[in-house]
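Undergrad: Have a look at this one.
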Amino acid sequence: MDSSPAHPTTRTVHVPRPDAGDSTPLSVPLYQTSSFAFDDPDALREALVRPDRGFAYSRFGNPTTRALEDAVAGLEGAAGGLATGSGMAAVNLVLLGLLGSGDHVVAQRRLYGGTTTTLQDLAGRFGVEVSYIDGHDENELRGAIRPDTAMLYLETISNPMARVTDLPAMAGIARSAGAITVVDNTFATPLLCRPIEHGADIVLHSATKYLGGHSDIVGGVVVSASTELHQRLWRRLVDFGSQADPFAAWLTIRGLQTLSVRLEKQCANTRELAQRLAEHPAVSTVYWPGLVKHPDHEVARRILSDYGGLLAFDLIGGHAAAYDLLRKVRLVTSGVSLGGVETLAMHPASTSHRDMTDDELRAMGIGQSTIRLSVGIEHPDDLWADLAAALDSAGTRSPAPRS
Ligand SMILES: *Cc1c(COP(=O)(O)O)cnc(C)c1O
């Protein structure tokens with residue numbers, strides 16, 4: 001990959017393609033095959049133990065899947081990548097594949113729900129000890145790290161309040177304590193942030209979101225800074241059966257090639273909506289790291305090249321106004337997931353964060369009136385017209401007093 005162009009936006013378009021002899025296909029071909037035929041039995045044996053020596057069976061490796069793995073590894077500046085069947089398969093590959101009983105993990109408190117569930121399961125059944133930290137206080141991390149701490153687990157941008165983690169500060173502390181740092185970079189993508197440059201050892205993605213970008217696949221990718229970690233994870237991937245299906249990998253590559261133009265538009269649209277929402281009388285607060293008032297604006301300026309396509313806002317009218325808005329939007333679609341070309345709105349307190357108590361929600365800053373938007377690539381005026389119409393009728397009235 002040495003001849004790859006320097007700019008990540010160019011790299012997303014020029015995905016490495018498998019060799020086809022004298023000519024090269026312009027797009028990555030879909031190798032929809034489970035197994036590969038060999039004339040030489042030695043070559044087959046070799047391919048089964050050395051994934052870089054050829055393809056034997058698609059759970060071990062596949063040329064289409066490899067193209068995606070190499071593309072994302074290249075974008076993240078990693079030694080190697082592994083494509084998985086979902087983002088959760090990527091999370092589980094890393095956590096189950098690297099942690100053992102007695103290990104201690106320090107994790108950010110506001111992680112993706114499925115990740116928290118896996119950590120709790122590891123703690124409950126395998127004696128992995130987990131300490132949760134806020135992710136914004138270096139001293140809290142220093143206090144949580146112990147001699148047996150094996151891993152620090154972070155997210156670049158967290159859901160739904162778009163908090164941004166100070167990756168260089170956090171990863172530096174973990175490194176000096178001998179722990180590896182794992183970063184879920186789903187919300188940022190390698191175009192906004194490359195955590196390995198900030199000291200991460202492993203970076204993972206739900207490719208279902210921005211990398212795929214069209215809400216048509218479920219997939220994940222794990223990349224490692226070192227060949228040693230990459231090979232360890234590859235062996236676990238083979239045994240766990242976490243490998244991505246070639247067709248999903250092929251669609252993800254197709255999505256990846258337009259990531260830079262989609263994301264640029266999504267960031268620009270989000271800026272526009274954040275500013276207009278902030279001025280609307282029905283809205284009390286807007287959360288987007290591009291706004292100077294966001295608590296992590298300074299960190300975001302340092303580690304992100306743009307502020308992302310996710311924002312949250314609180315409505316003055318409380319829970320009723322939030323539900324009203326979701327019922328009234330027409331162009332903006334009410335649904336979970338994120339990162340696709342279409343704008344989605346959701347109510348975290350009743351969906352992604354429904355298992356949390358009121359106190360836990362409050363600690364994360366999630367209110368009963370909080371709406372999260374994943375902003376798509378539509379014309380911003382159309383998005384605003386739809387939101388403004390829903391907001392105007394959702395009303396600026398105050399919530400009914402509690403008796
Ligand atoms: C969606 C998501 C996941 C899980 O990915 P799936 O593809 O749904 O399995 C993990 N982390 C983050 C930050 C996510 O948004």
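Sequential numbering from 1 applies to the sequence shown in the working numbering. Cβ atoms here follow ideal geometry from the backbone N, Cα and C, with glycine treated the same way.
#1: Taking 6 Å as the cut-off, does the CB of residue 382 come closer than this to any heavy atom belonging to ligand 1?
#2: Report buried or exposed for residue 148, applying the criterion of at least 16 other Cβ atoms within 10 angstroms of its Cβ.
#3: Measuring alpha carbon to alpha carbon, tell me which of 199, 146, 193 and 215 ends up nearest residue 182.
#4: Could you pull the start and end residues of the beta strand (DSSP E) that residue 372 belongs to?
#5: Could you tell me if the beta carbon of residue 153 falls within a distance shorter than 6 Å of some heavy atom in ligand 1?
#6: Would you say the beta carbon of residue 208 is closer than 6 Å to some non-hydrogen atom of ligand 3?
#7: Just the C-alpha distance for residue 140 and residue 101, rounded to the nearest angstrom, thanks.
#8: Which value, in whole angstroms, describes the spacing of the CA atoms of residue 252 and residue 263?
#9: Going by DSSP, name the residue or residues bridged to residue 157.
#10: What's the gap between the Cα of residue 369 and the Cα of residue 186?
#11: Taking the straight line between their C-alpha atoms, what separation do you get for residue 488 and residue 331?
#12: Only counting runs of 4 or more residues, tell me where the alpha helix (DSSP H) segments fall wholly within the stretch 59-88, in order along the chain.
#13: Can you name the start and end residues of the alpha helix (DSSP H) that residue 186 belongs to?
#14: Can you tell me the Cα-Cα spacing of residue 85 and residue 392, whole angstroms?
#15: Would DSSP call residue 204 helix, strand or coil?
#16: Using C-beta distances below 7 Å, list every residue in its chain close to residue 51, excluding the 5 sequence neighbours before and after it, in chain order.
#17: Would you be able to state if there are at least three C-beta pairs under 8 Å between the stretch 314-329 and the stretch 201-215?
#18: Sort 285, 319, 218 and 339 by Cα distance to residue 258 and report the nearest one.
#19: Use the C-beta contact count for residue 126: other C-beta atoms within 10 angstroms, 16 or more gives buried, fewer gives exposed.
#20: Between the alpha carbons of residue 192 and residue 277, how many angstroms are there, rounded?
#21: Per DSSP, residue 285 forms a beta bridge with which residues?
#22: How is residue 46 classed by DSSP in three states: helix, strand or coil?
TA: In this structure, then:
#1: no
#2: exposed
#3: 199
#4: 371-374
#5: no
#6: In the structure shown, ligand 3 is absent; the only ligands present are ligand 1.
#7: 24 Å
#8: 15 Å
#9: 164
#10: 25 Å
#11: Because the chain here runs from 1 to 403, residue 488 falls outside it and cannot be looked at.
#12: 63-76
#13: Here residue 186 belongs to no alpha helix (DSSP H), and DSSP marks it neither H nor E.
#14: 42 Å
#15: strand
#16: 60, 61 and 234
#17: no
#18: 339
#19: exposed
#20: 23 Å
#21: 314
#22: helix
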